[in-house]
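Below is one structure, written out as structure tokens, with a few remarks after it.
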Amino acid sequence: MSVEEATIDSQIDHAAAIRYWSATEATVSGVLGGFPQVSRIDLQGSSNFLAKLRRKAGISAEHKLDRAVDCGAGIGRITDGLLCKHASVVDIVEPVVDYLKRLVPVLKEGGWIIVKENTGDQHAGVDIYDDTDSSITRTNAKLRSLFQQAGLKIILTEVQRGMPKDLYVVQSYALQPI
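Numbering-wise, the sequence shown is residues 1 to 178 according to full-length UniProt numbering.
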């Protein structure tokens with residue numbers, strides 16, 4: 001880990017993040033920072049990404065996937081609006097690199113880990129700390145490095161279209177073990 005990475009990561013205050021999310025209204029508008037209109041765009045983009053991934057893997061869209069995992073499920077917007085429509089079972093967990101590493105041996109052969117995340121590439125290519133919720137928005141390069149560290153390769157990636165220009169770029173990644 002570089003000094004720059006260690007410095008920005010050291011700013012994360014988990015207690016402050018918990019306080020922030022505990023005080024945030026548990027609605028679509030609340031969890032999307034006052035932009036509830038992007039939920040439909042986001043869910044449709046995710047559904048399209050999953051359809052492309054299924055076609056690429058030769059998996060029919062007529063049948064539900066056996067299982068999906070929603071990491072950082074929040075109020076269940078993605079679980080309810082996307083994953084329950086595409087998978088028979090949806091598990092809800094919190095995301096950390098160590099968790100991704102633990103997923104690799106239990107992932108069904110041919111299965112995917114899908115990550116959809118804001119990226120900070122439009123801001124001079126550096127990770128961005130947000131003291132409002134004590135979070136870090138990673139660059140595309142940093143996320144790719146984290147996936148590599150977790151023993152994962154990217155098999156499909158795309159940028160979410162239709163989002164307001166003043167929001168972060170949202171990127172989807174489909175991952176499989178290396």
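Every residue, glycine too, gets a C-beta built ideally from N, C-alpha and C.
This structure is a prediction, so every number in the text was calculated from the model and none was measured.
Item, Value
"In the structure shown, what three-state DSSP assignment does residue 180 receive?", "An answer regarding residue 180 cannot be provided, because it is not within the stretch 1 to 178 covered by the chain."
"Under 8 Å, with one C-beta from each stretch per pair, do the region 135-145 and the region 69-78 reach the 3-pair mark?", "no"
"The beta strand (DSSP E) with Val153 in it runs from where to where?", "The question names Val, but residue 153 in the sequence shown is Lys. Unbroken beta strand (DSSP E) run through Lys153: Leu152 to Val159."
"What does the alpha-carbon distance come out to for the pair Cys84 and Asp9?", "33 Å"
"Taking one C-beta from the region 161-170 and one from the region 98-107 each time, how about it: are there three or more such pairs within less than 8 Å?", "no"
"Can you give the Cα-Cα distance for residue 182 and Ile12, rounded to whole angstroms?", "Past the boundaries of the shown model lies residue 182; the chain is included only from 1 to 178, so the question cannot be answered."
"Helix, strand or coil: how does DSSP classify Val11 here?", "Just to set this straight, residue 11 is Gln in the shown sequence, not Val. Gln11: coil per DSSP, three-state reduction."
"Assuming Asp66 and Ser88 are in contact, meaning their beta carbons sit under 8 Å apart, how far apart are those beta carbons, in whole angstroms?", "6 Å"
"Using the beta-carbon count (16 or more within 10 Å), is Arg138 buried or exposed?", "buried"
"Which residue's Cα is closest to the Cα of Val170: Lys116, Gln148 and Pro177?", "Lys116"
"Taking the C-alpha atoms as reference points, what is the distance between Ser135 and Ala16?", "10 Å"
"Leaving out the 5 sequence neighbours to the left and right, which residues in its chain are closer than 7 Å to Ala26 when beta-carbon positions are compared?", "Ile75"
"Note down, in chain order, each residue of its chain lying with its Cβ closer than 6 Å to the Cβ of Thr24, except the 5 sequence neighbours on either side.", "Gly30"
"Could you pull the DSSP bridge partners for Pro177 from this structure?", "Leu152"
"Expressed to the nearest angstrom, what Euclidean distance is found between the alpha-carbon atoms of His63 and Val126?", "41 Å"
"How many whole angstroms separate the CB atoms of Lys153 and Ile114, which I take to be in contact at a CB cut-off of 8 Å?", "The Cβ separation is near 13 Å, so there is no contact."
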